[in-house]
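Asker: Residue numbers (the numbering used here), protein chains in the order written: chain R, 171 to 462; chain D, 311 to 673; chain V, 114 to 347; chain A, 501 to 942.
Here a beta-carbon is modelled for each residue, glycine too, at the ideal position from N, C-alpha and C.
Here the structure is a predicted model, which is why all the values come from computation and not from measurement.
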């Protein structure tokens, strides 16, 4: 029972991070119909930027903000310079392009920062919390993770639902040409979409790195898990991404805890195929089924 | 002029049948290759052997992606399946003789054919980013199965027995001696074997792509809706393409196992699948020559780039990172600047200039 | 006044517009007519910069707006209304309208969404519906209403009757006629349905293969039997 | 015909390009072998080794080769061994056996090394043992305590171990726990390969009935060990025996804190360096404890020790290492660490073997020399080597220690034993060896 509770709590924390990551993928998919396979590498880069700052004694939260800002800039630059030429072209091109970007960012980070594993601090304790005498399987950092992801989500909901900027971004994503006719600077909105997504990815990177070792490959599992979480909820649906992330986090946590860590990717693959073949638009997509 | 015409008429039967023509080219190519391998150092021979299995895998992938328009990032996983299948067979047979080697490779191909169908059926229903994500997951998930069952050797993998030169049939030893004036050893054997199978595989693939099946694949790639209207069973065409491609990956995996002499999950990383894609994209999607060029780059670039990096003052570990950066840049630049790849761009250039020539002639 | 002079455009080697000129007066409806493929839609797309012009100019009250970025045209008071499929299907009715009001003609007063609902009461009833749930007629009302939110002086309408029942077409054209008077609009109405279009238009321009073949008061065109048979199909 | 010709031309073009490319960097001529072995000239000996310079096993282990290199430079500057200078090629395998195979291939065929010396890692080195023995290349002093380097010289005649194997380490730990903590509920935390397996084998000789849970990890896999620690916690484990590499010591500590699992810890020597693990732990915690104070986070953990380390600066051997390191470390700013001491100690044994071999050096002769004389090599090891024609096992014992403020406090004298049922005996004789005045083996 104790183990089940611990595993569940661990899964929720993990799921929250997957959710943030899936959310980032979803933002980009909505704005440019591209799955950004370089998302994990971008988040890794921003996390390294934060780590370099922390290592010269910059306070954690300043470094955290710096990572977000770096992500924002990185996302914008990548959209403008690299992605813009393939927007609206054959989807295979964008896939290959982002995979290439993944490899380049990976390699460059290794060249610049080295490949050794480095410790990454957490802003709050990573020791289990106790209720009375028994300790429970969640740490203050785990709670912080869930809170941060919830805040990010709430922020995005407010942005998209209640602000003119969000309306412009959504309109650009859904129908660029019509939006232009209505005076929306669609190009800017797409850039902003990538920038926001990369900033959200940067947050996810910081949350994963905290209290763990980082190296240039530390985000690699997220290339697939983030994608699966996003597809699970329907690539188009931010709320779906979040729920997809939580479902995936819990599933993988149970698999790791009760069966074996090595089977986690296989279970993830099973979940992905099931969703793609049975409910291609994801579990929570509101729109009519799209071809996958 | 007369003589050449007579020669042409004599060779017509060979030229008019694609298979015969491809086989002839294959034979010539193998003789050239054998001469090169025979006169190379052991170190180069291992590089050639590596190039051969990369080329087989890339050839299969290029058929899949270039001709039938499906993307697979899971070919590393399929190579793993082939490698484990071949290794398990070699473990049981001892792997001492040439027959053992071929049996192992045939089993690798057969197992991968089955896996190809299993993966191909659902994959045929996916497109674009979805198939990319699904096959990428496959690439991560399959090698981890080695940790599940003890007979697969876990993380540290399985040792692969390799035939010793002395166990090879005498006629092969004599033949090699006759042509290259060098004794065959393990390294040259694997290089000969690899290139022999590579040429065989490419002849088969070239033939296939000229055949009705190949035309169907292209039809499916270019416009699936009209292909379907023309009576082509989309799913079936895609599954066949995936299976053929998987068989190539299986053969490549089997050869890789023999070359590396160890089959372990750590060999089959996401990076392997991505570098295969890089080879195919670099060469030009759908071109076998391109796949060969791409494979050459895969086999030689890492060492070249690492040396370059080290001489530029990077530490050994950093220099090793130059290679993936180059692969990644290749992927990006090809997509942004020359989406047809090396061979495709060259072909377009040639086509344009020959078009120019014919125009000049006619006017 | 809205004027097009010698406007040309091409898709690759194919000339889609070949030296088109006409003017549209304030408070009037100018119908641009022609068969399918005559270049009507290309004309609008070229005016709003979605297709690059190769020659000629577009003038709005004497100001040259030929190469102006598409996004800026609403601020000059020019609204291009794409045909009914141009609703943003994933947004609600209200959101579509809000979007229309974000980039208004410079110096104009914002228009309230309620005013649109007064003009199109049907939309008011469905304000929270997502646009993909609307009927064809409702969508057409939505794109027109959305364009009005930007307080345009010139309204370019692309095939508003496409795929609609005649009764609905009549209803929409009536509304349009009314709007021209109350809002002092310049309307350029691109239509394949020449008969209906001419019934509300003041002036007509007939295109064929990218060229103007006739430009005359609407009544005159409607009376020209030969022209009607040759180009307008009624 | 055009098609055919073009295709043939294409193939030839590709091959030519490939060979040219290869010629740029790779195609070196084999050196002529007049009387000496590959990799040996009158003035040089070229050796090679694979190390994890990158990846999860790199922290700590990547420092070992710098120890080797410093000692070789010291030796070279003092006239070399029988007039020959030692040159060491180090290649990164990232602790991935497939890479080990590839880089070993390169070292054999491209760098043409005389011998592999100190190649690191159980799963990694296992991938190339057969290859090295097939090709008759000496495979000396493997940096790993797996049994397979030494327990079967008939199959692997060229391979020699160096450090105490994991089985005797497991036995020594097992006996200590059984005698001193008979009521402890033991959980095993194992690397999922021969490393973990050998250690478990030794420990189970004494602790079979005390072990209540076994958890494993895959190197290079997930770095979150909460599930494993939750399992220990739910099974009531109060003593964990870890056979794991250093990063995983830090990660298991973090995960244990994360799930609120409290226990006594006993790590294999391999994964218990206080400076390194403490530093990693310090960098991963809230508010970043300065790395120097990180060693305190390891207080109370137990491990074994078989060579003197940086915590004993007055030891004669450590004084020698310090002197060599101060003089020959490439990056002057880096400190002497236990891993560098490990490398220098190993290098010292290799130089000893070369000295003992005499001027006529062949691949066979060095093997013969170690088999005949290795057991009497006096070096920093607290216990003697077991080298003979029947055994290629390395150092024969260790003492159990407890970490306190980064220093190892002995809990037992040096305990010496061998694999299998061999009894465990106290034997401090080798611990008192001191280095020769020159610092060079004689």
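Would the beta-carbon of residue 216 (chain R) fall within 7 Å of that of residue 423 (chain R)?
Answerer: Here residue 216 (chain R) corresponds to residue number 46 of the first chain, with the count starting at 1. Here residue 423 (chain R) corresponds to residue number 253 of the first chain, with the count starting at 1. The answer is no: Cβ separation not under 7 Å.
Asker: What does residue 432 (chain D) touch in chain R if you count any residue whose Cβ is under 8 Å from its own?
Answerer: Your numbering for residue 432 (chain D) matches position 122 in the second chain. Ordered by position in chain R, the residues that pass the 8 Å Cβ test against residue 432 (chain D) are 443, 446 and 447.
Asker: Return the residues of the segment 313 to 339 of chain V that lie within a Cβ-Cβ distance of less than 9 Å from chain R, sorted by chain order.
Answerer: Flagged: no residues at all.
Asker: Apart from the five residues on each side of it in sequence, which residues of its chain come closer than 7 Å, Cβ to Cβ, to residue 524 (chain A)?
Answerer: Counting from one through the fourth chain, the residue named residue 524 (chain A) turns up at place 24. Because the pLDDT at residue 524 (chain A) is just 43, under 50, the model does not fix this residue reliably, and the value given afterwards should be weighed accordingly. Excluding sequence neighbours, residue 524 (chain A) sits near nothing in its chain.
Asker: Taking the alpha carbon of residue 680 (chain A) as the reference point, which residue from A:846, A:556 and A:764 has its own alpha carbon closest?
Answerer: Taking the fourth chain and counting its residues from 1, one reaches residue 680 (chain A) at position 180. Closest option to residue 680 (chain A), Cα to Cα, is A:764.
Asker: For the beta strand (DSSP E) holding residue 288 (chain R), just list the boundary residues, first then last.
Answerer: The count along the first chain starts at 1 and reaches residue 288 (chain R) at position 118. From DSSP, the beta strand (DSSP E) with residue 288 (chain R) extends over 288 to 290.
Asker: Could you check whether residue 703 (chain A) and residue 670 (chain A) sit closer than 7 Å to each other, using their CB atoms as the reference points?
Answerer: As a position in the fourth chain, residue 670 (chain A) is number 170, starting the count at 1. As a position in the fourth chain, residue 703 (chain A) is number 203, starting the count at 1. Yes, Cβ-Cβ distance for residue 670 (chain A) and residue 703 (chain A) is below 7 Å.
Asker: Would you tell me roughly how many angstroms separate the C-alpha atoms of residue 846 (chain A) and residue 918 (chain A), rounded to the nearest one?
Answerer: Translated into positions along the fourth chain, residue 846 (chain A) becomes position 346. Translated into positions along the fourth chain, residue 918 (chain A) becomes position 418. About 20 Å.
Asker: Between the segment 173 to 185 of chain V and chain R, which residues of the former have CB atoms less than 8 Å from a CB of the latter, in chain order?
Answerer: Within the segment 173 to 185 of chain V, the residues whose Cβ lies closer than 8 Å to some Cβ of chain R are 183, 184 and 185, listed in chain order.
Asker: Give the single residue among A:568, A:840, A:893 and A:884 whose Cα lies nearest to the Cα of residue 932 (chain A).
Answerer: Your numbering for residue 932 (chain A) matches position 432 in the fourth chain. Residue A:884 is the option with its Cα nearest to residue 932 (chain A).
Asker: List, in chain order, every chain A residue whose beta-carbon is nearer than 8 Å to that of residue 383 (chain R).
Answerer: Numbered from 1 along the first chain, position 213 holds the residue referred to as residue 383 (chain R). Here the neighbours are 556, 723, 747, 750, 751, 780 and 784.
Asker: Could you tell me the alpha carbon to alpha carbon distance between residue 347 (chain R) and residue 442 (chain R), rounded to whole angstroms?
Answerer: For the purposes of this step, residue 347 (chain R) is taken as residue 177 along the first chain, with counting starting at 1. For the purposes of this step, residue 442 (chain R) is taken as residue 272 along the first chain, with counting starting at 1. Taking the straight line from one Cα to the other gives about 33 Å.
Asker: Thinking C-beta only, is residue 367 (chain R) closer than 7 Å to residue 194 (chain R)?
Answerer: Looking up residue 194 (chain R) in the first chain gives position 24. Looking up residue 367 (chain R) in the first chain gives position 197. Yes, Cβ-Cβ distance for residue 194 (chain R) and residue 367 (chain R) is below 7 Å.
Asker: If you check the beta carbons only, do residue 825 (chain A) and residue 570 (chain A) fall under 7 Å apart?
Answerer: In the fourth chain, counting from the first residue as 1, residue 825 (chain A) sits at position 325. In the fourth chain, counting from the first residue as 1, residue 570 (chain A) sits at position 70. The answer is yes: Cβ separation under 7 Å.
Asker: Using the three-state DSSP reduction, which class does residue 649 (chain A) fall into: helix, strand or coil?
Answerer: On the fourth chain, residue 649 (chain A) is found 149 positions in, with the first residue counted as 1. Residue 649 (chain A) falls in the helix class under three-state DSSP.
Asker: Just list the residues that DSSP pairs residue 741 (chain A) with in beta bridges.
Answerer: On the fourth chain, position 241 is the one that residue 741 (chain A) refers to. In the DSSP output, where bridge partners are listed per residue, residue 741 (chain A) has A:688 and A:766.
Asker: Specify the secondary structure class of residue 613 (chain D) as computed by DSSP and reduced to three states.
Answerer: The residue labelled residue 613 (chain D) in the question sits at position 303 within the second chain. It is helical.
Asker: Residue 945 (chain A) versus chain R: which residues are under 8 Å apart at the beta carbon?
Answerer: An answer regarding residue 945 (chain A) cannot be provided, because it is not within the stretch 501 to 942 covered by chain A.
Asker: Cβ closer than 8 Å: which chain A residues qualify as neighbours of residue 356 (chain D)?
Answerer: Position 46 of the second chain holds residue 356 (chain D). Within 8 Å Cβ-Cβ: 605 and 609.
Asker: Taking residue 390 (chain R) as the query, report the chain D residues whose CB atoms sit under 8 Å from its CB, ordered along the chain.
Answerer: Taking the first chain and counting its residues from 1, the one referred to as residue 390 (chain R) is at position 220. Simply 580.
Asker: Less than 7 Å between CB atoms is the rule here; does residue 971 (chain A) satisfy it with respect to chain R?
Answerer: Missing from the structure shown is residue 971 (chain A); chain A here goes from 501 to 942 and no further.
Asker: Taking the beta strand (DSSP E) that residue 899 (chain A) falls in, what are its first and last residues?
Answerer: As a working note, residue 899 (chain A) is residue 399 in the fourth chain. Counting along the chain, the beta strand (DSSP E) containing residue 899 (chain A) begins and ends at 897 to 904.
Asker: Less than 7 Å between CB atoms is the rule here; does residue 285 (chain R) satisfy it with respect to chain A?
Answerer: Along the first chain, read from residue 1 onward, the residue named residue 285 (chain R) stands at position 115. So, interface residue.
Asker: At a CB distance below 7 Å, what residues from the segment 405 to 432 of chain R approach chain A? Give them in sequence order.
Answerer: So the close ones are 426, 427, 431 and 432.
Asker: What residues from the segment 552 to 576 of chain D come within 8 Å of chain A, judged by C-beta to C-beta, listed N to C?
Answerer: For the segment 552 to 576 of chain D, which is checked against every Cβ of chain A, the residues closer than 8 Å are 570, 571, 572, 574 and 576.
Asker: Exposed or buried, residue 571 (chain D), counting other C-beta atoms within 10 Å across all chains shown (16 or more means buried)?
Answerer: As a first step, residue 571 (chain D) must be located in the second chain, where it is residue number 261. So residue 571 (chain D) ends up on the buried side.
Asker: Would you say residue 633 (chain A) lies against chain D (beta-carbon separation less than 7 Å)?
Answerer: Here residue 633 (chain A) refers to the residue found at position 133 when the fourth chain is read from its first residue. Not one chain D Cβ lies under 7 Å of residue 633 (chain A).
Asker: Whole angstroms are fine: how far does the CA of residue 234 (chain R) sit from the CA of residue 243 (chain R)?
Answerer: For this step, residue 243 (chain R) is matched to residue 73 along the first chain. For this step, residue 234 (chain R) is matched to residue 64 along the first chain. Distance between the alpha carbons of residue 243 (chain R) and residue 234 (chain R): 14 Å.
Asker: So, are the CB atoms of residue 393 (chain D) and residue 567 (chain D) less than 7 Å apart?
Answerer: Residue numbering aside, residue 393 (chain D) sits at position 83 when the second chain is read from its first letter. Residue numbering aside, residue 567 (chain D) sits at position 257 when the second chain is read from its first letter. Result yes, Cβ atoms of residue 393 (chain D) and residue 567 (chain D) sit closer than 7 Å.
Asker: CB-CB under 7 Å to residue 425 (chain D), same chain, minus the five flanking residues each way: which ones, in chain order?
Answerer: As a working note, residue 425 (chain D) is residue 115 in the second chain. Once the five neighbours on either side are set aside, the close Cβ partners of residue 425 (chain D) are 388, 391 and 556.
Asker: Going residue by residue through the segment 333 to 393 of chain D, where are the continuous alpha helix (DSSP H) segments of at least 4 residues, counting only ones entirely within it?
Answerer: As far as the segment 333 to 393 of chain D is concerned, its whole alpha helix (DSSP H) runs of at least 4 residues are 352 to 372.
Asker: Under 7 Å Cβ to Cβ from residue 521 (chain A), same chain only, skipping five residues before and after it: list those, please.
Answerer: In the fourth chain, the residue the question calls residue 521 (chain A) occupies position 21. With a pLDDT of 47 at residue 521 (chain A), under the threshold of 50, the modelled position of this residue cannot be trusted; read the value that follows with caution. Hits under 7 Å: none found.
Asker: Is any beta-carbon of chain A found at less than 7 Å from that of residue 277 (chain R)?
Answerer: As a working mapping, residue 277 (chain R) is identified with position 107 in the first chain. Not an interface residue.
Asker: Under 7 Å between beta-carbons, which chain E residues line up against residue 596 (chain A)? List them in chain order, please.
Answerer: This model lacks chain E altogether, as its protein chains are R, D, V and A.
Asker: Which word fits residue 327 (chain R), buried or exposed, when buried means at least 16 other C-beta atoms lie within 10 angstroms of its C-beta?
Answerer: Position 157 of the first chain, counted from the start, is the residue given in the question as residue 327 (chain R). Exposed, since its Cβ has fewer than 16 Cβ neighbours within 10 Å.
Asker: Closer than 7 Å by C-beta to residue 230 (chain R): which residues in its own chain qualify, once you throw out the five before and the five after it? Chain order, please.
Answerer: For this step, residue 230 (chain R) is matched to residue 60 along the first chain. Once the five neighbours on either side are set aside, the close Cβ partners of residue 230 (chain R) are 224, 291 and 293.
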